[in-house]
Amino acid sequence: KVPYATANYNNSSSNTRSSSISNNTFYNNMMARFQSSFKTSSIFRGIIVLVFGVLACILYYYYYYYYNHQGSDCRYSFGVYKGHQYRTTSMTIGQPKCWIESKWMRVQQHAVQLTSTSSVIPDWLWIDYHDRINVLVEAPSSSSSNNNNNKNQDGRQFYILEQTKYALEGRTSKAIIGGIIEPSEEPPVAAQREVEEEMHVTCQEFHFLGRFRTD
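Taking full-length UniProt numbering, the leading residue of the sequence shown gets 1, the next gets one more, and so forth.
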């Protein structure tokens, strides 16, 4: 009976160890599957996020491109230029090709033939820019103040601006009032608007001094 009991005891211990090993193996297998599943799901989530990110970039690009190219035939557009575009029926050959534009200007490639016997220049770069005004503002009491001081009896005083501009590299420059004429805006209205915006004064009278090409 003792060996039988011992045998039973040994068998029980063996079964217990086998059961423990089986449980450990099952646990390890489950953990391995869980970790593998977690890694797979993490990779899958990463792929999904990447795909949606790429799609969002593509949609944003097309939206931005479409929004900025509405009504534009330029290759690159940062906004639609609505000012005057110059061309002539006698010297401009064919349809100009627009390369880049913004709401401020438009750069085009013209084909130009200066005379009927001259050769065609196919790469004449032309910049269209809004018409603009310049205003020299006279001080309201310049004549009377000069008379009172007995200095330069017929002299007149004018306001100018001291300003800095891009590419002046930290320096300032003296300038008179200047600005573009908005589409459908009359020059006197643009002149009055620019004076009020830049000098915060209102002119009572405007005198036309001429019209000139600046370039």
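Just so you know, even glycine gets a beta-carbon here, dropped at the ideal spot from N, CA and C.
So, for residue i: in the same chain, excluding its five sequence neighbours on each side, which residues have a beta-carbon less than 8 Å away from its beta-carbon?
i, result
"G170", "T164"
"E205", "none"
"L161", "K174, A175, I176, I177, E198, M199"
Locate the beta strand (DSSP E) running through residue i, then write down its first and last residues.
i, result
"A175", "173-175"
"E162", "161-163"
Taking the beta carbon of residue i as the centre, do at least 16 other beta carbons fall within 10 Å, making it buried, or is it exposed?
i, result
"Q109", "exposed"
"G46", "exposed"
"N150", "Note on N150: pLDDT 49, under 50, position unreliable in the model; the coordinate value appears next. Exposed, because fewer than 16 other Cβ atoms sit within 10 Å of the Cβ of N150."
"R213", "exposed"
"P96", "buried"
"G155", "exposed"
"R106", "buried"
"V195", "buried"
"C57", "exposed"
"A167", "exposed"
"P188", "exposed"
"E101", "buried"
"C98", "buried"
"I133", "buried"
"S77", "buried"
"V135", "buried"
For residue i, write down the residues that DSSP places opposite it in a beta bridge.
i, result
"H200", "According to DSSP, which records beta bridges pairwise, H200 is partnered with nothing at all."
"G179", "I133"
"H110", "W124"
"F158", "E138"
Output needed for residue i: all residues of its chain with C-beta closer than 6 Å, excluding positions within five of it in sequence on either side, in chain order.
i, result
"P122", "A111"
"D131", "I181"
"K82", "P183"
"G94", "A111"
Less than 7 Å between C-beta atoms, sequence neighbours within five positions excluded: which residues of the same chain meet that for residue i?
i, result
"T172", "E162, Q163, T164"
"G210", "none"
Would you say the beta carbon of residue i is closer than 7 Å to some non-hydrogen atom of the ligand ATP?
i, result
"G83", "Among the components of this structure there are no ligands whatsoever, and the ligand ATP is therefore not found."
Ranges of the beta strand (DSSP E) found wholly within the stretch 41-108, counting only runs of at least 3 = 97-101
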